[in-house]
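Everything on this sheet refers to the single structure shown next.
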Amino acid sequence: MSDQPLFSLRNPWFGTSVGITAAIAVLSAIAGLIWLPLAQPNLKLAGVWDAICSAAGVPRAAVPEAGVKPDFKTSNVVMTSEMLTRVNQVSIGRGATLAQRCAICHGPQGVSDAHSPNLAGQFAAVTYKELNDFKTGARVSVVMSPFAAAMSDQDMKDVAAYYAYLPRVPSNSLDTGRPAPAVVVTGAPMRNIPPCGSCHGDIDNKAGSPWLGGQSAVYIKAQLEAFASGARRNDISQQMRNIARQMTAEEIDQVAHYYEAQP
Amino acid sequence: MATETDHGLGEAVAARIERRWATLSLVIVAFLVGMAAYIGIHQATMPQGRVETADPKTLHLSGEFIESNLGSEMQPDGSVTVRAIGQQYSFTPQCVVVPAETPITFRATSADVVHGFLIEGTNINTMLVPGYVTDLPVRFKAPGDHVMPCQEFCGIGHQGMWGKVKVVDKAAFRDMAAAKRRLTCVD
Chain A
135 MSDQPLFSLR NPWFGTSVGI TAAIAVLSAI AGLIWLPLAQ PNLKLAGVWD
185 AICSAAGVPR AAVPEAGVKP DFKTSNVVMT SEMLTRVNQV SIGRGATLAQ
235 RCAICHGPQG VSDAHSPNLA GQFAAVTYKE LNDFKTGARV SVVMSPFAAA
285 MSDQDMKDVA AYYAYLPRVP SNSLDTGRPA PAVVVTGAPM RNIPPCGSCH
335 GDIDNKAGSP WLGGQSAVYI KAQLEAFASG ARRNDISQQM RNIARQMTAE
385 EIDQVAHYYE AQP
Chain B
475 MATETDHGLG EAVAARIERR WATLSLVIVA FLVGMAAYIG IHQATMPQGR
525 VETADPKTLH LSGEFIESNL GSEMQPDGSV TVRAIGQQYS FTPQCVVVPA
575 ETPITFRATS ADVVHGFLIE GTNINTMLVP GYVTDLPVRF KAPGDHVMPC
625 QEFCGIGHQG MWGKVKVVDK AAFRDMAAAK RRLTCVD
């Protein structure tokens, strides 16, 4: 008994236990890779091989073409959080020259009282995205669209880099003691309104969301109303329309005046 | 001689015990495999049948998750496909409208980080993982409103990420679908 080798086919215990283990593995594989996938009619499998590949998790690309095409221009900018974050002195220099034509509305230092956006210190990705959207027609403005139409991709990057390089200047309505409205601090979760600062830079920055401190209240209000009504829809996948739509007129007013008073 | 008999008896007992334990463990293995198969088939857990990929950075440029293609689509066979995306910090469409008593397929993905996809009052609870498409067959029993909070921490504005699901009567949905190809209940 003791001199009989343990791992040998002549040992009936060894043969039986290996056989049963192998049988369980084969049966489970057939059940998991073939039988169960084929038992799901909604998977619309092409055959046994397709079932095995699906169950084993072989990735495939999702449907490449959309059924319903948009009847308006949407933004074609691919936003990433690294976008235009590297400072490039040559780009800033070129941008400074190009930005002279912007000064009449946006101010020689990127700040003005004309109710146009103050661009000094704005995230470069934001300025670049908006210029691109004006150029493609995803965002429309009688003033900006013709300017952007003539700009090359590099021009837009340079102007964006230049304005990002300029220091932020507080507006004339600076009032840091002004209490923050509830919608800025906590949002309104049940209405799908997160705190403004979770994207706009005061707490965290979502790529493509502008810095709002010191912007004209008139401008902020007009843009929130345009997002809410759907007049402006260059926000990728409705990220801002979803929020503006849920805000009350009073909240829009509070937010606009609060951010104007911030540095 | 006596010792040899004792030895043979001991061997027989050991073999019997060995066989019983082996049978018991086989029954346990068979039960576990059977249980996994049963809850999979009866949708108690909803293992996804396929792995499909979608680039989170370019969802808005082409493919089935572009803005105009999101929402509920009535299929020729009477079932409904709902396409949605999760992003920091909202679901698009913000309000999903679906018919009751109808097979529905949710197809959703994330445009940035991992989001949760949970519909209150149902056993629908999965994740939206950037890069992958979540495909979920479901069925709603009765008309009613449900909330759809993101249940996976997705960033500092996570608590503000709430969608809505409106389950309407089958006939009412059919009327809506006749007028528009992609339906939402966003006001």
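Chain order of the listed sequences is A and B. Those letters in the first sequence? Residues 135 to 397, by the numbering used here. Those letters in the second sequence? Residues 475 to 661, by the numbering used here. Using N, Cα and C, we set each Cβ at its ideal position, and we do this for glycine too. Treat the numbers as computed from the prediction; the structure is a model and nothing was measured.
**Report entry** At least three beta-carbon pairs within less than 8 Å, the stretch 523-533 of chain B to the stretch 601-610 of chain B
**Finding:** yes
Query raised in the report: Which residues, in order along the stretch 261-275 of chain A, keep a beta-carbon less than 9 Å from a beta-carbon of chain B?
Result: none
Requested in this report: Pick helix, strand or coil for R375/A, following the three-state DSSP scheme.
Outcome: helix
Report task. Consult DSSP for W495/B and reduce its assignment to one of helix, strand or coil. Result -> helix
**Report entry** Nearest-angstrom Cα separation, counted from A574/B out to C333/A
**Finding:** 36 Å
Requested in this report: Assign Y606/B to one of three DSSP states: helix, strand, or coil.
Outcome: strand
Query - Cβ of R417/A within 7 Å of any chain B Cβ - result: Any answer about residue 417/A is impossible in this case: the structure gives chain A only from 135 up to 397.
Query - Beta-carbon proximity of A190/A to I168/A, cut-off 7 Å - result: no
Query raised in the report: What did DSSP end up calling R144/A once you bin it into helix, strand or coil?
Result: coil
Query raised in the report: How long is the line joining the alpha carbons of C628/B and L533/B, rounded to whole angstroms?
Result: 18 Å
Query - Nearest residue (CA-CA) to P251/A, options R228/A, T270/A, S305/A and Q223/A - result: S305/A
Query raised in the report: A195/A to A314/A, Cα distance in whole Å?
Result: 46 Å
Report task. Using the Cα positions of L143/A and C624/B, report the straight-line distance between them to the nearest angstrom. Result -> 57 Å
Query raised in the report: Between S683/B and chain A, is there a C-beta pair that is closer than 7 Å?
Result: With chain B running from 475 to 661 in the structure shown, residue 683/B is simply not present.
**Report entry** Same chain only: Cβ atoms within 8 Å of G595/B, ignoring 5 sequence neighbours per side
**Finding:** G618 and H620
**Report entry** Spatially closest choice to G331/A from C187/A, L179/A, Y393/A and Q256/A, by CA coordinates
**Finding:** Y393/A
**Report entry** Beta-carbon contacts of D289/A that lie in its chain and below 6 Å, excluding the five residues immediately before and after
**Finding:** L232
**Report entry** Cα-Cα separation between Q234/A and M278/A, rounded to whole angstroms
**Finding:** 14 Å
Requested in this report: Select from the stretch 210-232 of chain A all residues with a C-beta closer than 8 Å to any C-beta belonging to chain B, and list them in chain order.
Outcome: N210, V212, M213 and T214
**Report entry** Length-filtered (4 minimum) alpha helix (DSSP H) runs lying within the stretch 156-221 of chain A
**Finding:** 182-190
Query raised in the report: Going by DSSP, what residues sit across from V571/B in a beta bridge?
Result: K640/B
Query raised in the report: What residues from chain A crowd round Y563/B, counting only those whose CB sits closer than 7 Å?
Result: P328 and S332
Query raised in the report: Would Q373/A count as contacting chain B if we go by Cβ distances under 7 Å?
Result: yes
**Report entry** Contact residues within the stretch 156-184 of chain A, judged by C-beta distance below 7 Å to chain B
**Finding:** I158, S162, A165, L170, P171, A173, Q174, N176 and L177
Query raised in the report: Expressed to the nearest angstrom, what Euclidean distance is found between the alpha-carbon atoms of L498/B and T150/A?
Result: 15 Å
Query - Close-in-space but distant-in-sequence residues of the same chain around M650/B (CB under 6 Å, 5 per side omitted) - result: L657
Requested in this report: Reducing DSSP to helix, strand and coil, say where H481/B ends up.
Outcome: helix
Query - Neighbour flag for E359/A against chain B, beta carbons, 7 Å - result: no
Query raised in the report: Nearest to A159/A by CA position, among A504/B, K640/B and F591/B, is which residue?
Result: A504/B
Requested in this report: For I327/A, I'd like the list of residues in its chain whose CB is within less than 7 Å of its CB, leaving aside the five on either flank, ordered along the chain.
Outcome: V317, G321, I377, Q380 and M381
**Report entry** Reference G311/A; option with closest CA among P397/A, T155/A, S162/A and G201/A
**Finding:** P397/A
**Report entry** Extent of the continuous alpha helix (DSSP H) run through R581/B
**Finding:** Careful: R581/B lies outside any alpha helix (DSSP H), inside the beta strand (DSSP E) at I578 to S584.
Query raised in the report: Excluding the five sequence neighbours on either side, which residues of its own chain have a C-beta within less than 6 Å of the C-beta of A616/B, listed in chain order?
Result: A574
**Report entry** 7 Å Cβ cutoff, K531/B in contact with chain A
**Finding:** yes
Query raised in the report: Does DSSP classify V588/B as helix, strand or coil?
Result: coil
Query raised in the report: Leaving out five residues before and five after G631/B in sequence, what residues of the same chain have Cβ atoms less than 6 Å from its Cβ?
Result: Y563
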